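Numbering (the numbering used here), first residue to last: 781 to 1037. C-beta atoms are modelled at their ideal positions from N, C-alpha and C, and glycine is treated no differently. The structure presented is a predicted model; accordingly, all values stated were derived computationally and were not measured.
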């Protein structure tokens, strides 16, 4: 088996999907702070770019990750890419079986699984042509165990975790590493309904880039991720049942001050 080291951020050309805010914006800022030569910030709509993203100086790219035309065009525009960070995500906040919107789970699968598959297919040849590099998939603690209160989001992120593993095996001979980031509750719009302490997106970006540079296959980025994995390993049934009970609480909390 070929041994592949993770890409260095310094001097890299980085593509970040879902870059307008939250974790994506943090990856843009942190990559530039660590000396990336260029960062392409992929956004769903270039007409609604946040001031915070513009202030980074990143090159804005139209990239609606579920649009095949956008993905193909972005791969052409970002022809010097050496790192791809698949960050764009969707949580519909609906149940999976007893749902209010039967199409919600399909949308979650499109954004959280099929979209990173599409961008990986599009950018892997680009990265290989540029001498190799890294792909980072921003996932969730909901990927490592059935998380009932997250509905279709959990199975979609689990699918993306398997995508990472298969892509890693396929792309290693091309000099491309693939890192899965297991992320807990972060202070972003997606987790606005969750009470208690949440992680700073910039800390997730720092941890994620470290993991990428080490060539990690999978990395837990924060306290919730570490604790969730430990509880799952200790008693998988108890852990899963505990997640199931959260379906019936009035509000969600990280239970951290």
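>> Could you tell me the alpha carbon to alpha carbon distance between residue 946 and residue 817, rounded to whole angstroms?
In response: Within the chain shown, residue 946 is the residue found at index 166, counting from 1. Within the chain shown, residue 817 is the residue found at index 37, counting from 1. Roughly 29 Å between the two C-alpha positions.
> Secondary structure at residue 999, three-state DSSP: helix, strand or coil?
Replying inline: Indexing the chain shown from 1 puts residue 999 at position 219. Residue state, collapsed to three classes: strand.
>> For residue 815, tell me which candidate among 1004, 951 and 793 has the shortest Cα-Cα distance.
In response: Within the chain shown, numbered from 1, the residue matching residue 815 stands at position 35. Nearest of 1004, 951 and 793 to residue 815, Cα basis: 793.
> Which one of 932, 1019 and 859 has the shortest CA to CA distance from residue 870?
Replying inline: Here the question's residue 870 lines up with position 90 in the chain shown. When only C-alpha atoms are compared, the closest one is 932.
> How would you call residue 951, buried or exposed, if buried means at least 16 neighbouring beta carbons within 10 angstroms?
Replying inline: Start at 1 with the first residue of the chain shown, and residue 951 comes out as number 171. Flag for residue 951 reads buried.
> residue 734 to residue 832, Cα distance in whole Å?
Replying inline: With the chain running from 781 to 1037 in the structure shown, residue 734 is simply not present.
> Which two residues bound the contiguous beta strand (DSSP E) that contains residue 818?
Replying inline: Numbered from 1 along the chain shown, position 38 holds the residue referred to as residue 818. First-last of the beta strand (DSSP E) with residue 818: 818 to 823.
> Residues in its own chain within less than 7 Å of residue 1000 by CB, not counting five upstream and five downstream?
Replying inline: Reading the chain shown from its first residue, position 220 is the one you call residue 1000. When the five nearest sequence neighbours on each side are left out, the beta carbons in the same chain lying within less than 7 Å of the beta carbon of residue 1000 are those of 962, 1006 and 1009, in order along the chain.
> Which class does residue 842 belong to by DSSP, given the choice of helix, strand or coil?
Replying inline: Taking the first residue of the chain shown as 1, we reach residue 842 at position 62. Residue 842 falls in the strand class under three-state DSSP.
> Under a CB-based cut-off of 9 Å, is residue 968 close to chain C?
Replying inline: Of the protein chains in the structure, only one exists, and it is not chain C.
> What does residue 960 pair with, by DSSP beta-bridge criteria?
Replying inline: Along the chain shown, one-based indexing puts residue 960 at 180. Looking at the DSSP assignment, residue 960 forms a beta bridge with 917 and 998.
>> Since residue 969 and residue 804 should fall inside the 8 Å C-beta cutoff, what is the C-beta to C-beta distance between them, to a whole number of angstroms?
In response: Along the chain shown, one-based indexing puts residue 969 at 189. Along the chain shown, one-based indexing puts residue 804 at 24. Residue 969 to residue 804, Cβ: 11 Å. No contact.
>> In whole angstroms, give me the CA-to-CA distance for residue 964 and residue 857.
In response: The residue you call residue 964 lines up with position 184 of the chain shown. The residue you call residue 857 lines up with position 77 of the chain shown. The straight-line gap from Cα to Cα measures roughly 33 Å.
>> Let me confirm a value: residue 920 is counted as buried when at least 16 other C-beta atoms fall within 10 Å, else exposed. Which label applies?
In response: The residue labelled residue 920 in the question sits at position 140 within the chain shown. When all chains shown are included, residue 920 counts as buried.
> Quick one: what does DSSP say residue 950 is sitting in, helix, strand or coil?
Replying inline: Translated into positions along the chain shown, residue 950 becomes position 170. Correct three-state label for residue 950: helix.
>> In whole angstroms, give me the CA-to-CA distance for residue 834 and residue 1016.
In response: Numbered from its first residue, the chain shown carries residue 834 at position 54. Numbered from its first residue, the chain shown carries residue 1016 at position 236. Inter-residue distance for residue 834 and residue 1016 is about 44 Å (C-alpha atoms, whole angstroms).
> Just how far apart, CA to CA, sit residue 884 and residue 785?
Replying inline: On the chain shown, position 104 is the one that residue 884 refers to. On the chain shown, position 5 is the one that residue 785 refers to. Approximately 38 Å, taken between the alpha carbons.
>> Let me make sure I understand the geometry here. Which of 992, 930, 929 and 918 has the alpha-carbon closest to that of residue 942?
In response: By 1-based counting over the chain shown, the position of residue 942 is 162. Nearest C-alpha to residue 942: 918.
> To which residues of the same chain is residue 1024 closer than 7 Å at the C-beta, ignoring the five residues directly before and after it?
Replying inline: Here the question's residue 1024 lines up with position 244 in the chain shown. Answer for residue 1024: 928, listed in chain order.
> Can you name the start and end residues of the beta strand (DSSP E) that residue 864 belongs to?
Replying inline: Here residue 864 is taken as the residue at index 84 of the chain shown, counted from 1. First-last of the beta strand (DSSP E) with residue 864: 863 to 866.
>> For a test of the three-state rule: what should DSSP assign to residue 1017, helix, strand or coil?
In response: Residue numbering aside, residue 1017 sits at position 237 when the chain shown is read from its first letter. Annotated three-state conformation of residue 1017 is helix, per DSSP.
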